[in-house]
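Asker:
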Amino acid sequence: MNTTRIQTGLIVACGLSVLAGSGLAGCRGERTDKRPRQFFPDLDDQERFKPQTETEFFADGRAQRPTVAGTVAYGQYPNNPDALSDDPMGEHILEDRDRMIKEDPAVYFGVTDAPVGDPAHFVKRIPIEVTMELINLGRKNYDIYCSVCHGIEGDGQGPVGRRWSIPVANFYDERFTDPNEVTSRDGYIFNVARNGLQDPNGNLRMPGYGHALDETEAWAVVAYIRTLEQARGVPIDSDLIPDAERQQLLQEAGTPVSQGAQGDQDSTIAQGGEQ
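According to the working numbering, the sequence shown is numbered sequentially starting from 27.
Structure, rendered in structure tokens:
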């Protein structure tokens, strides 16, 4: 009799296990919007007001409370330009302030007061100081974000640009160098770099890189593009090229330095050090 009871108990236990397993298997792969069970909340859920929400708790109906009159929040730093002009940390704080406020449309949007559609809508020249540091910053970001399509030299012959369904911009084309063309304006190139380019039908031809390039970095890229344009076709014996760099360019072009010093003075650097 004991053996029968044990066998019966085992059969019942196995049956219950199978039923429980079947129930769990039936939930596999299902999704639910219900919140998970929290056996140990650990203060995960707390009563709080979200910013800019309404509440009946306060008489004015606002959850977010105004600053108490006559008090200064702990850790606050004044953003008054006059007060920060002599502060060692003031330059960085003022740069962040200007970047947030964007008071100068020429610097932060590359545009003037002229209406959209007017060629003068885009600024003609870079509105910030162009330094060697800015050009080097532009070269760094151009090589990262632009060269894959527009090429290291800006001729539109990057590895992706050569295979693109439509021609990629070549910065040596007249439309980028002729002052009469709106596309030659620095503000136009800045705007395209930040916001992208669409064709007349609204199709995206180039994505914007505003997520990767802030305003200063975008102007730096424009400055580097202008440097590429001005450097193209410069004679190898030009005074603009330092002697050390001249020798390096000759070596990269495969010309012995001794021959380069005595060679044709009319030779030019056409592309990437080629004569």
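Here a beta-carbon is modelled for each residue, glycine too, at the ideal position from N, C-alpha and C. The structure displayed is predicted, hence computed values, not measured ones.
#1: Out of Arg258, Leu266, Glu243 and Gly116, point me to the one whose CA is closest to Asp181's CA.
#2: Return the residue from the list Thr203, Thr242 and Gln224 that minimises the CA-CA distance to Glu159.
#3: So, helix, strand or coil for Leu69, using DSSP?
#4: Starting from the N-terminal side, write out each stretch of the alpha helix (DSSP H) that is 4 residues or longer and does not extend beyond the segment 87-137.
#5: Suppose you measure from the CA of Val44 to the CA of Gln33; what does that come to, to the nearest Å?
#6: Taking 7 Å as the limit between beta carbons, can you name the residues of its chain near Lys128, skipping five residues before and five after?
#7: Does the Cβ-Cβ distance between Phe197 and Ile251 come in under 8 Å?
#8: The beta strand (DSSP E) spanning Arg61 covers which residue range?
#9: Return the chain-ordered list of same chain residues with a C-beta closer than 7 Å to the C-beta of Phe148, the five sequence neighbours on each side being excluded.
#10: Would DSSP call Glu159 helix, strand or coil?
#11: What's the gap between the Cα of Arg57 and the Cα of Arg63?
#12: Measure the alpha-carbon distance for Pro114 versus Leu120 and round it to whole angstroms.
#13: Quick check on DSSP: helix, strand or coil for Glu200?
#14: Which one or two residues does DSSP pair with Phe216 in a beta bridge?
#15: Run through DSSP, which three-state label would Leu36 get?
#16: Ignore the nearest five residues each way along the sequence and tell me which others in Thr294's own chain have a CB closer than 6 Å to its CB.
#17: Compare the C-alpha of Glu70 against each of Arg61, Arg272 and Pro77 and name the closest.
#18: Measure the CB-CB distance between Ala246 and Gly164 and report whether it falls below 8 Å.
#19: Given a cut-off of 8 Å on the beta-carbon distance, is the pair Ala89 and Thr97 in contact?
#20: Quick one: using the 10 Å Cβ neighbour count with 16 as the cut-off for buried, is Arg220 buried or exposed?
#21: For Tyr134, would you say it is in contact with chain C, using Cβ-to-Cβ distances shorter than 8 Å as the test?
Answerer: Looking at the atomic coordinates:
#1: The residue labelled residue 181 in the question sits at position 155 within the sequence shown. Taking only the C-alpha atoms, the option nearest Asp181 is Arg258.
#2: Sequence index remark: in the sequence shown, residue 159 carries index 133 (1-based). Looking at the Cα atoms, Thr242 is the closest of the given residues.
#3: Residue 69 sits at position 43 when you count from the first residue of the sequence shown. Of the three classes helix, strand and coil, the one that applies to Leu69 here is coil, per DSSP.
#4: 107-110, 116-127 and 131-135
#5: Locating residue 44 in the sequence shown gives position 18, where the first residue counts as 1. Locating residue 33 in the sequence shown gives position 7, where the first residue counts as 1. Going by the C-alpha atoms only, they are around 16 Å apart.
#6: One-based indexing of the sequence shown puts residue 128 at position 102. Tyr134.
#7: One-based indexing of the sequence shown puts residue 197 at position 171. One-based indexing of the sequence shown puts residue 251 at position 225. Yes; because the gap between Cβ atoms is below 8 Å, this pair is in contact.
#8: Looking up residue 61 in the sequence shown gives position 35. Arg61 -> no beta strand (DSSP E), and no H or E assigned at all.
#9: Within the sequence shown, numbered from 1, the residue matching residue 148 stands at position 122. Cβ within range, chain order: Gly136, Val137, Val208, Arg211, Gly213, Tyr214 and Asn217.
#10: In the sequence shown, the residue the question calls residue 159 occupies position 133. If DSSP states are grouped into helix, strand and coil, Glu159 belongs with the helices.
#11: On the sequence shown, residue 57 is found 31 positions in, with the first residue counted as 1. On the sequence shown, residue 63 is found 37 positions in, with the first residue counted as 1. Cα-Cα distance, rounded: 15 Å.
#12: Counting from one through the sequence shown, the residue named residue 114 turns up at place 88. Counting from one through the sequence shown, the residue named residue 120 turns up at place 94. Using only the alpha carbons, I get a separation of about 11 Å.
#13: The sequence position of residue 200 within the sequence shown is 174, counting from 1. Here Glu200 carries a helix assignment [DSSP, helix/strand/coil].
#14: Working through the sequence shown from its first residue, we reach residue 216 at position 190. Partner(s): none; Phe216 has no beta bridge.
#15: Along the sequence shown, read from residue 1 onward, the residue named residue 36 stands at position 10. Helix, per DSSP.
#16: As a working note, residue 294 is residue 268 in the sequence shown. Note that Thr294 has pLDDT 46, beneath the 50 cutoff, so the model's placement of it is unreliable and the number below is only indicative. Residues Gly259 and Pro261 of the same chain have their beta carbon placed closer than 6 Å to that of Thr294, with the five preceding and five following residues left out of the count.
#17: For the purposes of this step, residue 70 is taken as residue 44 along the sequence shown, with counting starting at 1. With the sequence shown as reference, residue 70 is identified as Asp, and Glu is not the correct amino acid for it. Asp70 has its Cα closest to that of Arg61, out of Arg61, Arg272 and Pro77.
#18: Here residue 246 is taken as the residue at index 220 of the sequence shown, counted from 1. Here residue 164 is taken as the residue at index 138 of the sequence shown, counted from 1. Contact flag set, yes.
#19: The sequence position of residue 89 within the sequence shown is 63, counting from 1. The sequence position of residue 97 within the sequence shown is 71, counting from 1. No. Outside cutoff.
#20: Here residue 220 corresponds to residue number 194 of the sequence shown, with the count starting at 1. Per the 10 Å Cβ criterion, buried.
#21: In the structure shown, chain C cannot be found, because there is only a single protein chain.
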